[in-house]
Amino acid sequence: MARTIATVITVAVLLGLLGLMLRSWRGRSRRDAALPAGYPLPVDAALELASAAVFYVATTLRAQPLERLNIPGLGFRARARLTVTDAGVILALAGEEAVFIPASAIAVLEDATVAIDRAVETDGLLLLGWRLPGTDSQIVDSYFRILDPSDRVSVNDAIRTIAAGARRPAARDESEA
0 MARTIATVIT VAVLLGLLGL MLRSWRGRSR RDAALPAGYP LPVDAALELA SAAVFYVATT
60 LRAQPLERLN IPGLGFRARA RLTVTDAGVI LALAGEEAVF IPASAIAVLE DATVAIDRAV
120 ETDGLLLLGW RLPGTDSQIV DSYFRILDPS DRVSVNDAIR TIAAGARRPA ARDESEA
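In numbering that gives the first Met the number 0, the protein residues as written are 0 to 176.
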């Protein structure tokens with residue numbers, strides 16, 4: 000009898016936690032529903048400068064790497080293709096419509112180590128900070144892990160080429176202790 004009661008209590012607690020998580024995700028979805036998912040794809044074909052297979056981690060508010068945004072098309076982690084063209088960056092997540100970020104909207108390009116539920120080796124993530132369309136220049140950060148390390152330099156260089164005004168990371172003052 001005691002074992003049955005313990006099982007019922009455990010199941011009730013787990014269902015309660017699951018319900019709270021679902022309610023929180025729905026609230027986040029409502030909160031972020033008005034945020035646009037990138038810009039319209041360019042009509043004219045653009046010259047491809049670099050492309051890489053990536054693991055898309057998350058998009059967060061600028062400088063808030065633990066606060067995921069549920070922007071349509073960018074709400075979930077996924078494998079993706081990151082393509083840099085002379086017009087901007089195209090992010091094609093598996094199962095989602097491609098998201099375009101024009102070069103003029105790119106504000107920050109730097110390396111990162113932590114985002115939401117992903118912690119990797121030092122500078123293992125690529126952080127692309129960009130301005131959302133029509134939101135008074137609100138900047139969000141999208142995090143990617145480039146799957147083939149040999150693609151990292153070409154992608155970084157290509158983005159720096161098209162977004163010369165993108166801010167570079169500040170000098171780090173972290174200690175190894």
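For glycine and all other residues, C-beta sits at the position ideal for the given N, C-alpha and C.
Note that the structure is predicted; figures quoted are calculated from it, not measured.
When secondary structure is reduced to three states using DSSP, LEU46 falls in the coil class, being assigned neither helix nor strand. The stretch 39-46 and the stretch 105-113 do not touch, with fewer than three beta-carbon pairs separated by less than 8 Å. For the stretch 44-95, the full-length beta strand (DSSP E) segments reaching 3 residues or more read 47-60, 77-84 and 87-92 along the chain.
Nearest in C-alpha terms to GLN63, of all of TRP24, LEU126 and ILE161, is LEU126. By the neighbour-count definition (other C-beta atoms within 10 Å, threshold 16), ILE100 is a buried residue.
For the 8 Å CB-CB criterion, LEU48 and THR58 do not form a contact. PHE75 is classed as exposed because its beta carbon has fewer than 16 other beta carbons within 10 Å across all chains shown. Its chain contains ASP31, LEU34, ALA36 and THR58 as the residues whose beta carbon lies nearer than 7 Å to that of ILE70, once the 5 sequence neighbours on both sides are disregarded; these appear in chain order. Note: ALA118 is bridge-paired with VAL113 in the DSSP secondary-structure output.
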